[in-house]
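In the working numbering, the protein residues as written are 83 to 473.
This is how it looks when you write it as structure tokens:
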């Protein structure tokens, strides 16, 4: 059976991305118009959200009409392709529950990042997180298949992507392995791009990038409030740059937080201090305060809950055995904290300093990377400076 011609859909996608400001260069436009996104979704299909993503409906090319499949493939949406680390749409026939663990990222995000990567002819690129292989194919079209190396931790995901790439004519270097370690065999690279979120830029990536090369990666561990870091490798294991904008990706598989189970109230039963909160924790629903909170308390999980009819927000840092519990009573919030680190004290101080500084955008965050760790900063205010040490 001959595959439907989707050249019109690809041109329409390129037009939309250009109008939205994601697509700016002729070379990347040519890639968008050439690479069939549906080919990288066909192997297993996609899950579409139902009931506000409480359940997921499987869709495969055989379960819908070709026109509907093309509309799905060229929608301006991220499309989930795997749940719970193993379940794919072609394995089920009806709606299921589960947690997304692999997807085809929204085309605007993919293309915008590729534009931000600032590639030039002849450059080599390492892609962390192959996923469906769609972004890999765009890179191959732009640079040539021998210039691209892509690594994926999930063997089944990697195989489907490799098969799709081969079927589309891109015999590139596909590797199954831990992307946090990079791929030293083909190093050094002129560019490294990550399609997963990382808690910090791994030093292996710094070592595997040529001096003057660029690394582009989403930093943070929450599902929102993360930032797109762009750093230039300066040599001797160092890099410098800044957060260039908002970005949201699934975490690297090895760094995905383990959901806390059991009675959350029991975990926060024994507090060292109790006091009124000085800022509304609802501020953390906004992107920039959430990013600041993650810089201040890296590795912390934030959980919204209702207990005894009362709204509560929990912050748990299991590595440092610390917690903060915020309970709402009318318009006021009370915070209880326990453990060696007063999590809410630190977050309050940083958010207040950010407000006093005029609430600068996430793009004001500078980043320096050394073998010893990461330093983030906004201006010269010592309160808006974060040292994330590796040792």
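C-beta atoms are modelled at their ideal positions from N, C-alpha and C, and glycine is treated no differently.
Among the options, the one whose alpha carbon lies nearest that of residue i
{"i": "residue 357", "options": "467, 152, 250 and 430", "result": "430"}
{"i": "residue 256", "options": "215, 138, 274 and 279", "result": "215"}
{"i": "residue 129", "options": "175, 147 and 110", "result": "175"}
{"i": "residue 131", "options": "163, 148 and 146", "result": "163"}
{"i": "residue 312", "options": "203, 288, 96 and 399", "result": "288"}
{"i": "residue 421", "options": "401, 346 and 439", "result": "401"}
{"i": "residue 206", "options": "362, 87 and 297", "result": "297"}
{"i": "residue 236", "options": "121, 334, 369 and 292", "result": "334"}
{"i": "residue 213", "options": "359, 258 and 367", "result": "258"}
{"i": "residue 317", "options": "147, 451 and 134", "result": "451"}
{"i": "residue 203", "options": "268, 133, 251 and 110", "result": "110"}
{"i": "residue 359", "options": "386, 347, 348 and 416", "result": "416"}
{"i": "residue 496", "options": "373, 412, 161 and 374", "result": "Because residue 496 is not part of the residues shown, which for the chain are 83 to 473, the question remains open."}
{"i": "residue 124", "options": "263, 332 and 148", "result": "148"}
{"i": "residue 243", "options": "266, 270, 209 and 265", "result": "209"}
{"i": "residue 373", "options": "282, 444, 346 and 161", "result": "444"}
Same chain, Cβ closer than 7 angstroms to residue i, neighbours up to 5 away in sequence not counted
{"i": "residue 159", "result": "188"}
{"i": "residue 376", "result": "302, 303, 304 and 307"}
{"i": "residue 471", "result": "454 and 455"}
{"i": "residue 211", "result": "234, 261, 276, 277 and 278"}
{"i": "residue 323", "result": "311, 312, 313, 314 and 449"}
{"i": "residue 254", "result": "218, 222, 227, 230, 232 and 247"}
{"i": "residue 469", "result": "455 and 457"}
{"i": "residue 365", "result": "371 and 433"}
{"i": "residue 321", "result": "288, 297, 313, 314, 315 and 451"}
{"i": "residue 354", "result": "419 and 420"}
{"i": "residue 73", "result": "Residue numbering for the chain in the displayed model covers 83 to 473; residue 73 lies beyond these limits and cannot be assessed."}
{"i": "residue 386", "result": "395"}
Limits of the unbroken beta strand (DSSP E) element including residue i
{"i": "residue 312", "result": "309 to 317"}
{"i": "residue 296", "result": "291 to 301"}
{"i": "residue 326", "result": "320 to 328"}
{"i": "residue 173", "result": "Run containing residue 173: none; DSSP gives neither H nor E here."}
{"i": "residue 450", "result": "448 to 452"}
{"i": "residue 242", "result": "No beta strand (DSSP E) holds residue 242; the alpha helix (DSSP H) holding it covers 237 to 249."}
{"i": "residue 130", "result": "128 to 132"}
{"i": "residue 140", "result": "137 to 141"}
Other residues of its chain near residue i: CB distance less than 6 angstroms, five sequence neighbours each side excluded
{"i": "residue 397", "result": "382, 384, 406 and 425"}
{"i": "residue 183", "result": "164 and 167"}
{"i": "residue 104", "result": "190, 193 and 194"}
{"i": "residue 350", "result": "405 and 407"}
{"i": "residue 410", "result": "393"}
{"i": "residue 339", "result": "383"}
{"i": "residue 177", "result": "132, 137 and 139"}
{"i": "residue 153", "result": "none"}
{"i": "residue 122", "result": "214, 215, 216 and 246"}
{"i": "residue 92", "result": "115"}
Simplified DSSP state of residue i, which is helix, strand or coil
{"i": "residue 222", "result": "helix"}
{"i": "residue 156", "result": "coil"}
{"i": "residue 209", "result": "strand"}
{"i": "residue 389", "result": "strand"}
{"i": "residue 405", "result": "strand"}
{"i": "residue 104", "result": "coil"}
{"i": "residue 444", "result": "helix"}
{"i": "residue 189", "result": "helix"}
{"i": "residue 343", "result": "coil"}
{"i": "residue 162", "result": "strand"}
{"i": "residue 269", "result": "coil"}
{"i": "residue 199", "result": "coil"}
{"i": "residue 360", "result": "coil"}
{"i": "residue 352", "result": "coil"}
{"i": "residue 286", "result": "helix"}
{"i": "residue 93", "result": "helix"}
{"i": "residue 455", "result": "strand"}
{"i": "residue 464", "result": "helix"}
{"i": "residue 83", "result": "Low confidence applies to residue 83: its pLDDT is 46, below 50, so where it sits in the model is not reliable, and the reading given next is rough at best. Coil, per DSSP."}
{"i": "residue 366", "result": "helix"}
{"i": "residue 474", "result": "What the structure shows of the chain is the stretch from 83 to 473, and residue 474 is not part of that stretch, so it cannot be assessed."}
{"i": "residue 122", "result": "helix"}
Whole-angstrom C-beta distance between residue j and residue i, which should lie under 8 angstroms
{"i": "residue 172", "j": "residue 142", "result": "5 angstroms"}
{"i": "residue 465", "j": "residue 435", "result": "4 angstroms"}
{"i": "residue 395", "j": "residue 198", "result": "The pair is not a contact, with the Cβ atoms about 33 angstroms apart (cut-off 8 angstroms)."}
{"i": "residue 179", "j": "residue 137", "result": "6 angstroms"}
{"i": "residue 399", "j": "residue 379", "result": "6 angstroms"}
{"i": "residue 113", "j": "residue 273", "result": "Not quite, the Cβ-Cβ distance comes to about 15 angstroms (not below 8 angstroms), so this is no contact."}
{"i": "residue 251", "j": "residue 285", "result": "Actually they do not touch by this definition, with Cβ atoms about 36 angstroms apart."}
{"i": "residue 151", "j": "residue 115", "result": "About 19 angstroms separates the two Cβ atoms, so there is no contact after all."}
{"i": "residue 463", "j": "residue 439", "result": "6 angstroms"}
{"i": "residue 331", "j": "residue 300", "result": "5 angstroms"}
Distance cut-off 7 angstroms: residue i Cβ against heavy atoms of the ligand HEM
{"i": "residue 422", "result": "What this structure holds is no ligand at all, so the ligand HEM is not there to describe."}
N-terminal and C-terminal residue of the alpha helix (DSSP H) that residue i is part of
{"i": "residue 373", "result": "369 to 378"}
{"i": "residue 417", "result": "Unbroken run through residue 417 is the beta strand (DSSP E), 414 to 420; no alpha helix (DSSP H)."}
{"i": "residue 429", "result": "425 to 438"}
Close-in-space but distant-in-sequence residues of the same chain around residue i (CB under 8 angstroms, 5 per side omitted)
{"i": "residue 100", "result": "106 and 111"}
{"i": "residue 293", "result": "315, 316 and 317"}
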